[in-house]
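Student: Pasting a structure here, questions to come.
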Amino acid sequence: MAKREGFSSRIGFVLSCIGAAIGLGNVWMFPYKLGENGGAAFLIPYFLFIIVLGIIGLIAEMSFGRMYKQGSLGAIRKVFEENKKSGGKILSIIPTLGLMGIFMFYTIVIGWV
Numbered sequence: 037m038a039k040r041e042g043f044s045s046r047i048g049f050v051l052s053c054i055g056a057a058i059g060l061g062n063v064w065m066f067p068y069k070l071g072e073n074g075g076a077a078f079l080i081p082y083f084l085f086i087i088v089l090g091i092i093g094l095i096a097e098m099s100f101g102r103m104y105k106q107g108s109l110g111a112i113r114k115v116f117e118e119n120k121k122s123g124g125k126i127l128s129i130i131p132t133l134g135l136m137g138i139f140m141f142y143t144i145v146i147g148w149v
């Protein structure tokens with residue numbers, strides 16, 4: 037079995053996970069949301085939801101990938117094959133299309149700024 041690439045340090049992995057959970061949209065929209073929704077009183081529920089939902093989603097996605105030893109496309113297809121269901125190929129393309137849309141959006145925003 038070939039050796040897979042990985043993170044060279046634990047801090048690199050943690051920072052990568054934090055960046056994935058937070059995203060640029062939260063960084064750019066945060067001052068606006070803070071001013072529109074009550075300032076400091078908005079911070080507690082905002083950070084609570086970001087941390088709780090981000091951690092749950094990240095753990096679920098990493099566990100899913102680790103269980104099937106594949107990325108999201110392969111893992112979703114494998115689940116459908118194991119359960120003898122059709123539509124796995126189509127459903128597995130949805131995350132890829134979502135990422136393409138996000139990348140197109142950020143390319144336009146970064147080009148504009």
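Taking the working numbering, the leading residue of the sequence shown gets 37, the next gets one more, and so forth.
Built from N, CA and C at the ideal position, the CB exists for glycine as well.
#1: Work out the CA separation of Ala-38 and Gly-59 for me, nearest whole Å.
#2: Throw me the rounded Cβ distance for the Tyr-104 and Lys-114 pair, which I believe falls under 8 angstroms.
#3: Could you give the residue range of the alpha helix (DSSP H) that holds Ser-108?
#4: Hey, how far is the Cα of Leu-79 from the Cα of Ala-56?
#5: Determine whether the beta carbon atoms of Ser-108 and Ser-128 lie at a separation below 8 angstroms.
#6: Using 10 angstroms around the beta-carbon of Ile-112, count the other beta-carbons present and answer buried if the total reaches 16, otherwise exposed.
#7: To the nearest angstrom, report how far apart Gln-106 and Ile-92 are at their CA atoms.
#8: Go through its chain and collect everything with a Cβ distance to Gly-123's Cβ below 8 angstroms, but skip five positions before and after it.
#9: For Ala-76, name the three-state secondary structure that DSSP assigns.
Tutor: Looking at the atomic coordinates:
#1: As a position in the sequence shown, residue 59 is number 23, starting the count at 1. As a position in the sequence shown, residue 38 is number 2, starting the count at 1. So the two alpha carbons sit approximately 32 angstroms from each other.
#2: Against the sequence shown, residue 104 aligns to sequence position 68. Against the sequence shown, residue 114 aligns to sequence position 78. Confirmed, about 5 angstroms.
#3: By one-based count along the sequence shown, residue 108 stands at place 72. Start and end: 108 to 118.
#4: Translated into the one-based positions of the sequence shown, residue 79 becomes position 43. Translated into the one-based positions of the sequence shown, residue 56 becomes position 20. Roughly 20 angstroms between the two C-alpha positions.
#5: Within the sequence shown, residue 108 is the residue found at index 72, counting from 1. Within the sequence shown, residue 128 is the residue found at index 92, counting from 1. Cβ atoms of Ser-108 and Ser-128: closer than 8 angstroms.
#6: For the purposes of this step, residue 112 is taken as residue 76 along the sequence shown, with counting starting at 1. Burial call: buried.
#7: Position 70 of the sequence shown, counting from 1, holds the residue named residue 106. Position 56 of the sequence shown, counting from 1, holds the residue named residue 92. Between Gln-106 and Ile-92, the C-alpha separation is close to 20 angstroms.
#8: On the sequence shown, residue 123 is found 87 positions in, with the first residue counted as 1. Here the set comprises Phe-116.
#9: Position 40 of the sequence shown, counted from the start, is the residue given in the question as residue 76. DSSP places Ala-76 in helix when its eight states are reduced to three.
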